[in-house]
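**Q** Numbers 3 to 477, taken from the numbering used here, label the letters of the sequence shown in order.
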Amino acid sequence: MSSSLYSGISGLNAMQTQLDVIGNNIANANTVGYKSSRILFSDILSQSLTGGGGGTMQVGRGVSVGGVNTLFSAGSFETTSNATDLSIDGEGFFMVRDAEGGIYYTRAGAFSVDNEGYMVDENNYKVQGCNLMSADSDAVTDISLKDVQSAPKATTEMSIGANLDATTPTGEVFTIAQTVYDTLGTPHTLRLEFEKQEAAGEWDARAVLVAAGTGETNIVHNALDPADYETTYVADGETYAEDDLLVHDGTVYRCTTGYTSATDDNCEPEGSASNWEVSDYRIDDDGVVYMPMDFEFAADGGLTSPSTDPSLSFAGLANGAEDIDVDWKLTGSGVEPLTGYASTSVVKSLIQDGYSSGELRSISVTEDGIITGFFTNGQTASIGEVMLATFSNPLGLQRMGANLFGETLESGVAIQNAPGTGGMGTIISNSLELSNTDIAQEFINMITAQRAYQASAKVVTTTDQMMSELMNVKR
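1. G62: buried (16+ other C-beta within 10 angstroms of its C-beta) or exposed?
2. In terms of residue numbering, what span does the beta strand (DSSP E) encompassing N419 cover?
3. Between F95 and P421, what straight-line distance do the alpha-carbon atoms span, to the nearest angstrom?
4. Tell me the DSSP bridge mates of Y106?
5. Considering only residues of the same chain and omitting the five flanking positions on each side of Y36, which have a CB-CB separation below 6 Å?
6. Mind the definition here: the stretch 91-110 touches the stretch 401-420 only if three or more C-beta pairs lie below 8 Å; say whether that holds.
7. Which same chain residues, not among the five before or five after S44, have their C-beta less than 8 Å away from its C-beta?
8. By the DSSP assignment, the alpha helix (DSSP H) with M469 in it spans what residues?
9. Leaving out five residues on either side along the sequence, give the residues of the same chain with a beta carbon under 6 Å from the beta carbon of L486.
10. Give the secondary structure of D2 by DSSP, where H, G and I count as helix, E and B as strand, and everything else as coil.
11. Can you tell me which of the three DSSP states D325 falls into?
12. G372: buried (16+ other C-beta within 10 angstroms of its C-beta) or exposed?
13. Rounded to whole angstroms, how far is the Cβ of N432 from the Cβ of T72, which I believe are closer than 8 Å?
14. Helix, strand or coil for N379 per DSSP?
15. Within 10 angstroms of the Cβ of V461, are there 16 or more other Cβ atoms? Answer buried if so, exposed if not.
16. To the nearest angstrom, how far is the alpha carbon of E412 from that of Y107?
17. Taking contact to mean at least 3 C-beta pairs separated by less than 8 Å, is the stretch 451-459 in contact with the stretch 12-23?
18. By Cβ distance, which residues of its chain are closer than 7 Å to N84, with the 5 residues on each side in sequence left out?
19. Would you call the CB atoms of G386 and M135 closer than 9 Å?
20. According to DSSP, simplified to helix, strand and coil, what is P396?
21. Sort out for me which residues DSSP pairs P154 with in a bridge.
22. With a threshold of 16 other CB atoms inside 10 Å of the CB of A202, please say whether the residue is buried or exposed.
23. In angstroms, rounded to a whole number, what distance separates the CA positions of Q199 and S347?
24. Between which two residues does the beta strand (DSSP E) carrying M160 extend?
25. Where does N71 sit, in a helix, a strand or coil, going by DSSP?
26. Tell me whether the beta-carbon of E195 lies closer than 9 Å to the beta-carbon of V182.
27. Between the C-alpha atoms of N395 and V122, what's the straight-line distance to the nearest angstrom?
28. When the Cα atoms are used, what is the spatial distance from D144 to T185?
29. With C-beta atoms as the reference, is R99 less than 9 Å away from I105?
30. Run through DSSP, which three-state label would S136 get?
31. Since T191 is in the beta strand (DSSP E), which residue starts that stretch and which ends it?
32. Ordered along the chain, which non-local residues of its own chain (more than five positions away) have a Cβ less than 7 Å from that of S6?
33. With a cut-off of 8 Å on the beta carbons, I'd call I46 and M448 a contact; round off their distance for me.
34. Mind checking N474: buried by the 16 CB within 10 Å criterion, or exposed?
35. How many whole angstroms separate the CB atoms of K148 and G119, which I take to be in contact at a CB cut-off of 8 Å?
36. Please classify M17: does DSSP put it in a helix, a strand, or coil?
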């Protein structure tokens, strides 16, 4: 009779453990990334009886807790305004590292960036992944956004869309200014000037790179032919004849010159001019060359001349003659870039491909875990990648508290992969995975546990009553 008493007690203990599991699940119903648990029971067989016919009769001795398993089913997703809030749609765990170098695994993706530029979780553990702008971009390490910058890019191409007023008086200049950048990201002003010519629909175009600074130019003039003399420009001891490309050690020389003529009292110079303009120059070391050229427009305002892309040849750029083709890109796509209608001269579009250096302004994370940086210069770049891990037996993971799991012999070694590869789930940015606790199911489990507890208690009290009746037999 006493065996039933102990069976009832085992039931009380088992139901109490179940209530502990249920209570913990309900308590973590709002915990980000929490994975609920379930309890498994097993019976206790401790006695076998032999019947009169030789058969064996087995009598149970109660119940025991067989185990408590973690349910890794996905929770619902909550949208947030934080770009570093991440959730996993599918299999896998985020990896984080503590100060001692220990690696832990979690589904709670409430990350942030600390004051040292590291991406960290709520425990200040560093999120693991790849730093794509570092020399060893394939190494899985602490994700760092510190000192991430966008490198400058020199202007190599510019497109213009404009209308040049056909009624503009001869000699009037329409000017367009555009900021361009050198290889260091330093801005410069490029001035495009369109000068109306006497012929109808004809314009002269030139580009002037405005640069700071002044210098001296020695002018040699042939006294025997004052009306048609040659002009040379001397820079660092080298003479460059007119119409030659002015480049020395990669440095661009833009010469806008003027002079004051000095003559004898009994001499009247002929053909003297007040100034010259030099428009043949090189803007950078990539071979982008600018020179003046004429544009002609038809009566309907369309560009008629030049009808083909012109080219130039410069000698002496290397050890021998070398041809350089200059692509003027006179035609655009869609709308014709230059028109000559009888309406106000106006710039329709002005685009150039250079930019200065930029500081990191904000980030976003793609579904494949790529961290994209948005910089103050308007550029974007892939600067990092969040890596995930999975296990051959996730049920073997050990709960470490703080929404963390630890690797064990039962779980196996962590298998690392990028999101969306190797069976891993994908990343959802601006999102958090909530607890997978099912409140309704937990209430049902609570009711059944309560009834089972009451029934086990009834077994104990009934056994006690039977033992009391047995004691009364002696009376």
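Note that the Cβ used here is the ideal one computed from N, Cα and C, for glycine as well.
**A** On the basis of the coordinates in this document:
1. exposed
2. I417 to N419
3. So the two alpha carbons sit approximately 10 Å from each other.
4. V98
5. N30 and S437
6. yes
7. Correct list, in chain order: V65, S66, V67 and G68.
8. I441 to N474
9. Nothing in the structure corresponds to residue 486, since the chain is present only between 3 and 477.
10. Given a span of 3 to 477 for the chain in the structure shown, any question on residue 2 remains unanswerable.
11. Interpretation of D325 is limited by its pLDDT of 45, a score under 50 that renders its predicted location unreliable; the figure taken from the coordinates is listed afterwards. The three-state reading of DSSP puts D325 in strand, counting E and B together.
12. Contrary to the premise, residue 372 reads as Ile rather than Gly in this sequence. Buried, because 16 or more other Cβ atoms sit within 10 Å of the Cβ of I372.
13. Their Cβ separation, rounded to whole angstroms, is 27 Å, which puts N432 and T72 out of contact at 8 Å.
14. coil
15. buried
16. Approximately 15 Å between the Cα atoms of the pair.
17. Enough Cβ pairs lie closer than 8 Å, so yes.
18. N432
19. yes
20. helix
21. Looking at the DSSP assignment, P154 forms no beta bridge with any residue, so it has no partner.
22. exposed
23. 15 Å
24. In the DSSP assignment, M160 falls within the beta strand (DSSP E) that extends over M160 to N165.
25. strand
26. no
27. Distance between the alpha carbons of N395 and V122: 27 Å.
28. 32 Å
29. yes
30. coil
31. It spans P189 to K198 - the beta strand (DSSP E) in which T191 sits, taken as one unbroken run.
32. V461 and T465
33. Actually they are not in contact, since the Cβ atoms of I46 and M448 sit about 24 Å apart, beyond 8 Å.
34. That one is exposed.
35. Contact holds; Cβ gap of about 3 Å.
36. helix
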